[in-house]
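Residue 33 is where the sequence shown starts when you use our numbering, and the numbers rise one by one after that. Idealized CB from N, CA, C, for every residue including glycine.
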Amino acid sequence: MLSIDRSIVDAIVAHARRDHPDEACGVVAGPAGSDTPTRHIAMDNAARSMTFYEFDSMEQLRVWREMDDRDEEPVVIYHSHTATEAYPSRTDISFAGEPGAHYLLVSTREPDSEEIRSFRIVDGVVTEEPVRIVDAGVDPHAVQSYMFGQSPATVDYECSGR
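What follows is the structure in structure tokens.
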């Protein structure tokens, strides 16, 4: 399961909307070994394409070095799909080079809503996982969980002390 702060999801969606109709891409870094996404890094789509994304190689080198210097790793690698569902394409799968990362996809095909889904991609095998959006501004025990695709969206509210 991907647990991610609402403010980071909002920043990712804003980036995807801003770059639409081109695909947007970026990384959310977190402390190495923590599986906790904490720092959003919007990156340029060097391909400037509506159907493909590619990190600029110099920007990617700089970002990965910066993560190393800060003892961070790419916890989430994200990009948008502008005309299709939020599911990894064959190209996305073939270029997935971080087996420990969550691959977050945002579909901006609908102008008034977005579809957000997360996947693990290891050795070409795609596994969808739930996305738990945590709102740091509210009770940390109250969370919303989303699982898109074949199952309906679910909402979990866990309240302590009641």
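Under 9 Å between C-beta atoms of P162 and A133: no
Would you tell me roughly how many angstroms separate the C-alpha atoms of I125 and D100, rounded to the nearest one? 25 Å
Any beta strand (DSSP E) of 3 or more consecutive residues that is wholly inside the stretch 71-102: 71-75
Here's the rule: buried if 16 or more other CB atoms are within 10 angstroms of the residue's CB, otherwise exposed. What is A56? buried
Could you have a look at H52 and say whether DSSP puts it in helix, strand or coil? coil
Buried versus exposed call for S89 [16 or more other C-beta atoms within 10 Å across all chains shown]: exposed
Using the Cβ count rule (16 or more neighbours within 10 Å means buried), how would you classify G156? exposed
Candidates D51, A168, I73, of which the one nearest V59 by Cα: I73
For the structure I just gave you, are there three or more beta carbon pairs, one from the stretch 139-152 and one from the stretch 77-86, closer than 8 Å? no
From which residue to which residue does the beta strand (DSSP E) around T195 run? A query on residue 195 cannot be resolved here, the shown segment of the chain reaching from 33 to 194 and no further.
Output the distance between the C-alpha atoms of M33 and R164, rounded to the nearest integer angstrom. 7 Å
By a C-beta neighbour count over all protein chains shown, 10 Å radius and 16 as the cutoff for buried, is L93 buried or exposed? exposed
Classify A115 as buried or exposed, calling it buried when 16 or more other Cβ atoms lie within 10 Å of its own Cβ. exposed
Could you compute how far the alpha carbon of A48 sits from the alpha carbon of H111? 8 Å
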